[in-house]
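Here the structure comes first, spelled out in structure tokens, and everything after it is commentary.
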Amino acid sequence: MLLKTEHSRDIPVTIQAPQANIAENTDDIFADSSEQLTDEGIAGADDGSDSSTAVAQVPHTYIVSSGDSLSSILTQFGIDSSDIATIANQNKDLRNLKIGQPISWKLDDDGLLQELSWGVSRRETRVYTRTETGFTESKEFQKGELKNSVTSGVIRGSFSNSATNAGLTSAEARAVTKALQWQIDFKKLQSGDKFSALFSREVLDGRTEQSELIGVRLRSAGKDYYAFLAEDGRYYDSKAGGLERGFMRFPTAKQFRVSSQFNPRRVNPVTGRISPHKGVDFAMPVGTPVLATGDGEVIVAKYSGAAGNFVAIRHGSQYTTRYMHLRQLLVKPGQRVKRGDRIALSGNTGRSTGPHLHYELWINQQAVNPLTAKLPRADGLTGKDKLQYLTKVKEVMPQLTFND
């Protein structure tokens, strides 16, 4: 197929490239897709100038729209097909153009591509510059202005709805619940409870790019709960005490339905004998990521009869966790893991009546109920770190006021 433009010769179109990703559309765009190049950039008004030099002199900018690919965009403007192939093959990310992203380029006096700029987001621009061997990539990041602001609100219904009604984003509301999750059950908040949160927000072109929770105060049933961000990226209470637990309560990112409770005196319905159920069963689809609930060392990762594929992790000298009926093991014995690491995919192996995860927590060689056991708390700050943190608390705490 030959493509003609007023500013270009006949060009064989032989390059095939992925189209702009519609499904991955983001809000992080520069302009509406309707803001296409004006007619003068395509047809060119008859101004008496030579068309071959006009191409090199006119700066080109194009907004990616549905169905576009790098090849289709550059080809219609007469860019040499070999240059298109070179830049696309050397920089695979250019296959992932998204609707609304700007593409601009510069040509030399001979109409050859010298530089291409891709606006990945409002924060990031990638520039591809011609060299002797092709095109090299460089990244440019635009920083916004940091602004601190306090948002206060009153609980009316769920915390999530109350927080967004007060002006927090959904992500900011989740940051508050995550910081205070070990101190209070958000499902038990009452109407009239209050909260106040200080966020540091990065603002770029009038829009918030990202935010970070600096401090939060929540009053429930007349009691105040606090969490403040320390230099290590963790949250502590007003006295620098640790808030996070050494273990996660659940071995999955999402909480699933409990299909069988912990029961040390369960009676086998067939034999009539006591057959303890030493853990908790969570009903979940096969292939659900299973997470280590605490830092530790993998001591077992194998197939074992009724347990099917299972993993056991030792957490210090007192604690052990076990995960059974797995479809796929992602760790090996002797491997160190961190809390939240993926260790397996859930399954239906071994003696199992359906897809589920059997999870056990052992303390001092005794199986305990993982849903109710008292979990160890992370250590608090000490020394200079504590002094520095408390200085910050004195600065932030007076700002966390409630709206009367």
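Numbering follows UniProt numbering, in which position 134 of the sequence shown is assigned residue number 134; successive positions increment by one, without gaps.
Quick reminder that beta carbons are idealized off the backbone N, C-alpha and C, glycines included.
All values reported here derive from a predicted model rather than from experimental measurement.
Between the segment 314-328 and the segment 206-224, the count of C-beta pairs closer than 8 Å stays below three; the two stretches do not touch. The beta carbon of E244 sits closer than 6 Å to the beta carbons of A378 from its chain, once the five residues preceding and following it are set aside; these are given in chain order. Scanning Y62, A230 and V368 for the CA closest to the CA of K384 turns up A230. Under the rule that a run must span 3 or more residues, the beta strand (DSSP E) segments found entirely inside the segment 289-357 read 289-291, 296-303, 309-315, 319-329 and 342-346. Residue pairing for Q366: DSSP places it in a beta bridge opposite I363. Collapsing the DSSP output to three states places R95 in a helix. With contact defined as three or more Cβ pairs closer than 8 Å, the segment 356-374 and the segment 107-116 are not in contact. A direct Cα-Cα distance of roughly 8 Å separates D68 from L97. Each of L107, A367 and D341 was checked against the Cα of Q261, and the nearest Cα belongs to A367. Annotation: the segment 72-132 contains the following complete segments of the alpha helix (DSSP H) (minimum length 4 residues), in chain order: 81-90. Taking I274 as the centre and dropping the five residues before and after it, the same chain places the C-beta of R265, R266, V267 and N268 closer than 8 Å to its C-beta, in chain order.
Collapsing the DSSP output to three states places R219 in a strand. For T401, there is no enclosing alpha helix (DSSP H), since its DSSP letter is neither H nor E.
Shown here, R234 sits in coil according to DSSP, grouped into three states, outside any helix or strand. Contact between the segment 202-214 and the segment 294-305 is absent, with fewer than three C-beta pairs closer than 8 Å. Here L189 is actually not in contact with G215; their C-beta atoms are around 19 Å apart, not less than 8 Å.
Excluding the 5 residues flanking it on each side, N165 has same chain C-beta neighbours closer than 8 Å at G153 and R156, in chain order. A straight line joining the alpha-carbon of T133 with that of S104 spans about 21 Å. Straight-line measurement puts the Cα of L291 at about 12 Å from the Cα of V298.
For A163, the enclosing alpha helix (DSSP H) covers residues F159 to A166.
For the 7 Å CB-CB criterion, G192 and G246 do not form a contact. Counting C-beta atoms within 10 angstroms of its own C-beta, A344 has 16 or more neighbours from the protein chains shown and is therefore classed as buried.
Pairing A283 with H356 gives a Cβ-Cβ distance under 7 Å.
In this structure, DSSP gives A283 an extended state, which the three-state scheme calls strand. S81 and D281 have their C-alpha atoms spaced approximately 59 Å apart.
For R201, the enclosing beta strand (DSSP E) has its first and last residue at K194 to L204. For V176, the enclosing alpha helix (DSSP H) starts and ends at S170 to L180. Nearest to Y323 by C-alpha distance, out of V396, G78, S66 and V311, is V311. In terms of CA proximity to P285, F256 leads the group F256, H277, G350 and G279.
By the Cβ neighbour-count rule, P333 is exposed, with fewer than 16 other Cβ atoms within 10 Å of its own.
G167 has its alpha-carbon roughly 20 Å from the corresponding atom of M397. Judged by beta-carbon spacing, R123 lies within the 7 Å limit of Q142, meaning their Cβ atoms are closer than that value. Nearest to R339 by alpha-carbon distance, out of K187, L116 and T321, is T321. The shortest CA-to-CA distance from Q101 to any of D83, D341, I79 and L70 is the one to L70.
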